[in-house]
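Participant: One structure, as structure tokens, below. Some questions next.
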Amino acid sequence: MWLLVRIHDLLSAYLLDHCPEEQNWEDFDVDIDALRTDVATLRDQHLTQIASQNEAHPSHPVNRV
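The sequence shown finishes on residue 145 if you use the numbering used here, and the numbering steps up by one all the way, no holes.
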């Protein structure tokens, strides 16, 4: 998971540093922006999977009132 976060951060930093302010990231470097989007999608899918596993098997019992 941390690797996906790190890759996304590095790609975002590259675009922030090199893309002119008046230009969209998609227009500046299509390949880097597409890769960044794919990494974000994988990260989100992984987080969703972890969340659903945690809901199915909570690590702490729920106090019922």
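Note that CB positions come from ideal geometry on N, CA and C, so glycine has one too. Computed from a predicted model, the values in this text were never measured in an experiment.
(1) Would the beta-carbon of W105 fall within 8 Å of that of D113?
(2) Note the first and the last residue of the continuous alpha helix (DSSP H) segment covering E135.
(3) Using a Cβ-Cβ cut-off of 7 Å (strictly less than) and excluding sequence neighbours within five positions of L115, which residues of its own chain qualify?
(4) If you draw a straight line from the C-alpha of L122 to the C-alpha of S132, how long is it?
(5) Please return the same chain residues whose Cβ sits closer than 6 Å to the Cβ of V119, not counting the five positions on each side in sequence.
Facilitator: With the structure as the only source:
(1) yes
(2) V110 to A136
(3) L91
(4) 15 Å
(5) L84, I87 and H88
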